[in-house]
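Shown next, in structure tokens, is the structure this report addresses.
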Amino acid sequence: MKVRSLGFLGLSGGRAAGLGLLWGLAVTAMESSTLPLGRVSAGELAQFALHLLPQWCLAGLLLALGTALLEQRLGGAQTALAMFGFALLNCAVWRVFGQPLAYSLRESDDALLHVFWSSMFYGGLFVTAYGLSQRSERTRELLARAEIARQKTEAQLSALRLQALRGQIDPAFLLRAISEIERRYADDVEGAERLLVPLVEFLRAAMPGVRESASTVAAELRLAGLFAALLSELAPERSNWHIRVDGAMPDAAFPSLLLLPVLEQLLASDSLDAAVELRLHQVDGRCVLRLERERRGPPRHWLSPDLEYRMQVALQALHGIDWTLMVGESPQAPALLLTLPLRGPDESQGEQHE
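When you read off a place in the sequence shown, starting at 1, and then add 188, the result is the number in our numbering.
If you want it as structure tokens, here you go:
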């Protein structure tokens, strides 16, 4: 059986009824404990409890439902007046249905006064405890909503940062390549063709990265190889890096168009133009990308803070916290050491279907 909620309060009818019954049981137990055990028998005690229980449980149901409906609408003074009215109503109920054994030991006025005092005291405790409980629940709910909103905002902010900071092909480099092709066509058609072919292949490989923020290690390495081939024709003095893959090509996600600017910054950081090796291998189920200069350590501050931040934002968007990035500046350390999780078979098949 489904329990309907009591309107905007979010308190179920079953819960309100349960709280009211528990309150009635508690009041019955407290009232029973006041009996002079030496003057009443066990049968009289049981009769007292059975006579007392339904009336206090009924009062508890009315109190719980009324509190659930009015708790957020009434102020302090109004709540006190409502409790006063509840106590008077409870006294009227006792008056109509008769007084139990223990109350008959007192004068009639004294018995009703006791009912009034019990209703005010125990009812006040219930209202106070319920108000504190609801306030605590509302606070937890607000905090949970704020945390969800913060996480959504953080995710959207990271996506916007990634979109804004995503690596792009340098327009100046493309203009330089096009200008060189035009110059060569004037007096060296074969030389222009040698430059045009790698430029077209490079642009074809780079276009998916311009449209999408996520790529793969294999695609980015292929793009780096095509860029090296293009540079060997356009600027041979800058094409001094090579790629080494130990074992099978790791299947790991990688940010689009961010490997090339890292390579370019490392190459441009040393006037001696030492060769750069990009090594890729798998260790313990993880992809390890190692970038270092041959026979020379990396120069100090070779990677700009902006590009390092772009890498961190992009890697976090792809892998969460399951990655490590170390930028070395000592002669013994690699220039860059990056570890990434390998993709599972389900992820690889899903990308192929797309």
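In this text, a Cβ means the ideal position worked out from N, Cα and C, and glycines have one as well.
Residues near residue 281 by beta carbon distance below 8 Å, same chain, minus five either side: Within the sequence shown, the letter at position 93 stands for residue 281. Counting only Cβ-Cβ distances below 8 Å, and skipping sequence neighbours, we find 243, 246 and 247.
Tell me where the beta strand (DSSP E) around residue 367 begins and ends. In the sequence shown, the residue the question calls residue 367 occupies position 179. Note, residue 367: premise wrong, no beta strand (DSSP E); alpha helix (DSSP H) at 359–375.
Quick one: give me the first and last residue of the beta strand (DSSP E) that residue 465 is part of. Numbered from its first residue, the sequence shown carries residue 465 at position 277. Per DSSP, residue 465 belongs to the beta strand (DSSP E) from 464–471.
Helix, strand or coil: which one does DSSP assign to residue 521? Taking the first residue of the sequence shown as position 1, residue 521 is located at position 333. Reduced to three states, the DSSP call for residue 521 is coil.
Where the beta strand (DSSP E) containing residue 488 begins and where it ends: On the sequence shown, position 300 is the one that residue 488 refers to. That residue, residue 488, is in no beta strand (DSSP E); it is neither H nor E in DSSP.
Could you please give the first and the last residue of the uninterrupted beta strand (DSSP E) stretch that includes residue 419? As a working note, residue 419 is residue 231 in the sequence shown. Premise fails: residue 419 lies in the alpha helix (DSSP H), 405–422, not in any beta strand (DSSP E).
Contact under 9 Å by Cβ, residue 363 with residue 386: Indexing the sequence shown from 1 puts residue 363 at position 175. Indexing the sequence shown from 1 puts residue 386 at position 198. In this structure, residue 386 does not lie closer than 9 Å to residue 363 by Cβ.
Given 8 Å as the limit, is there contact between the region 333–343 and the region 267–282, that is, 3 or more CB pairs closer than that? no
Test item: CB-CB of residue 492 and residue 453 under 9 Å: Counted from its first residue, the sequence shown places residue 492 at position 304. Counted from its first residue, the sequence shown places residue 453 at position 265. Yes, Cβ-Cβ distance for residue 492 and residue 453 is below 9 Å.
Please check the pair residue 531 and residue 441, which I expect to be a contact at CB under 8 Å, by giving their CB distance rounded to whole angstroms. In the sequence shown, counting from the first residue as 1, residue 531 sits at position 343. In the sequence shown, counting from the first residue as 1, residue 441 sits at position 253. So it is a contact: roughly 6 Å between Cβ atoms.
How is residue 342 classed by DSSP in three states: helix, strand or coil? Reading the sequence shown from its first residue, position 154 is the one you call residue 342. Three-state DSSP puts residue 342 in a helix.
How many Å lie between residue 300 and residue 256 at the Cα? For the purposes of this step, residue 300 is taken as residue 112 along the sequence shown, with counting starting at 1. For the purposes of this step, residue 256 is taken as residue 68 along the sequence shown, with counting starting at 1. Going from the Cα of residue 300 to the Cα of residue 256 covers about 27 Å.
Using DSSP with H/G/I as helix, E/B as strand and the rest coil, what is residue 400? In the sequence shown, residue 400 corresponds to position 212, counting from 1. Looking at residue 400 - three-state DSSP - the assignment turns out to be coil, as it is neither helix nor strand.
Would you mind working out which of 518, 393 and 241 sits nearest residue 208, comparing C-alpha positions? Walking along the sequence shown from the start, residue 208 turns up at place 20. Among 518, 393 and 241, the Cα nearest to that of residue 208 is on 241.
What residues match up with residue 433 in a beta bridge as DSSP calls it? As a first step, residue 433 is located in the sequence shown; it is residue number 245 there, counting from the start. According to DSSP, residue 433 bridges with 468.
Compare the C-beta of residue 306 with all C-beta atoms of chain B and state if any pair is closer than 9 Å. As a matter of chain content, chain B is missing from the structure shown, which is built from one protein chain.
Contacts around residue 336, its chain only, beta-carbon distance under 7 Å, and the 5 residues preceding and following it disregarded: Sequence index remark: in the sequence shown, residue 336 carries index 148 (1-based). Excluding positions up to five away in sequence, the list is empty.
On the three-state DSSP scale, how would you describe residue 438? Here residue 438 is taken as the residue at index 250 of the sequence shown, counted from 1. Coil, per DSSP.
Does DSSP put residue 261 in a helix, in a strand, or in coil? The residue given as residue 261 occupies position 73 in the sequence shown. Looking at residue 261 - three-state DSSP - the assignment turns out to be coil, as it is neither helix nor strand.
Kindly indicate which three-state DSSP category residue 452 falls into: helix, strand or coil? Position 264 of the sequence shown, counting from 1, holds the residue named residue 452. Of the three classes helix, strand and coil, the one that applies to residue 452 here is helix, per DSSP.
Residue 509 versus 264, 444 and 529, residue with shortest Cα-Cα distance: For the purposes of this step, residue 509 is taken as the residue at position 321 of the sequence shown. Checked all of 264, 444 and 529; the closest Cα to residue 509 is 529.
Near residue 432, what residues of its chain come up, given a Cβ to Cβ distance below 8 Å and the 5 sequence neighbours on each side ignored? By one-based count along the sequence shown, residue 432 stands at place 244. Same-chain partners within the cutoff: 465, 466, 467 and 468.
Assign residue 480 to one of three DSSP states: helix, strand, or coil. Reading the sequence shown from its first residue, position 292 is the one you call residue 480. In the structure shown, residue 480 sits in a strand (DSSP, three-state: E or B).
Taking Cβ positions, are residue 524 and residue 482 nearer each other than 9 Å? Within the sequence shown, numbered from 1, the residue matching residue 524 stands at position 336. Within the sequence shown, numbered from 1, the residue matching residue 482 stands at position 294. No, the Cβ-Cβ distance between residue 524 and residue 482 is not below 9 Å.
Quick one: grab the DSSP three-state call for residue 330. By 1-based counting over the sequence shown, the position of residue 330 is 142. DSSP places residue 330 in helix when its eight states are reduced to three.
In whole angstroms, what separates the C-alpha of residue 403 from that of residue 506? Position 215 of the sequence shown holds residue 403. Position 318 of the sequence shown holds residue 506. In a straight line, the C-alpha of residue 403 is about 10 Å away from that of residue 506.
Please report the Cβ distance between residue 487 and residue 457, rounded to the nearest whole angstrom; I am assuming they are in contact, meaning their Cβ atoms lie under 8 Å. Translated into the one-based positions of the sequence shown, residue 487 becomes position 299. Translated into the one-based positions of the sequence shown, residue 457 becomes position 269. That belief holds up - the Cβ atoms of residue 487 and residue 457 are roughly 5 Å apart, short of 8 Å.
Alpha-carbon spacing of residue 478 relative to residue 400, whole angstroms: As a working mapping, residue 478 is identified with position 290 in the sequence shown. As a working mapping, residue 400 is identified with position 212 in the sequence shown. Straight-line Cα distance between these residues: approximately 25 Å.
If you check the beta carbons only, do residue 443 and residue 502 fall under 9 Å apart? Start at 1 with the first residue of the sequence shown, and residue 443 comes out as number 255. Start at 1 with the first residue of the sequence shown, and residue 502 comes out as number 314. Contact: yes.
Nearest CA to the CA of residue 136: which residue from 254, 216, 475 and 446? The first residue shown for the chain is 189 and the last is 542, placing residue 136 beyond what the model contains.
Checking the sheet assignment: what are the DSSP bridge partners for residue 528? What you label residue 528 is simply residue 340 of the sequence shown in a count that begins at 1. Paired residues: 475.
Within the same chain, show all residues whose beta-carbon is closer than 6 Å to that of residue 513, passing over the 5 residues directly before and after it, in chain order. One-based indexing of the sequence shown puts residue 513 at position 325. If we look at residue 513 and ignore the five residues flanking it on each side, its Cβ neighbours are 526.
Please report how far the alpha carbon of residue 318 lies from the alpha carbon of residue 339, in whole angstroms. For the purposes of this step, residue 318 is identified with residue 130 of the sequence shown, where counting begins at 1. For the purposes of this step, residue 339 is identified with residue 151 of the sequence shown, where counting begins at 1. Between residue 318 and residue 339, the C-alpha separation is close to 31 Å.
Three-state secondary structure assigned by DSSP to residue 446: Counting from one through the sequence shown, the residue named residue 446 turns up at place 258. In this structure, residue 446 counts as coil in the three-state DSSP scheme.
Give the single residue among 391, 328, 428 and 476 whose Cα lies nearest to the Cα of residue 435. By 1-based counting over the sequence shown, the position of residue 435 is 247. Of the listed residues, the one whose Cα sits closest to residue 435 is 476.
Return the CA-CA distance between residue 455 and residue 407, expressed in angstroms with no decimal places. Taking the sequence shown and counting its residues from 1, the one referred to as residue 455 is at position 267. Taking the sequence shown and counting its residues from 1, the one referred to as residue 407 is at position 219. Cα to Cα, the separation comes out at about 21 Å.
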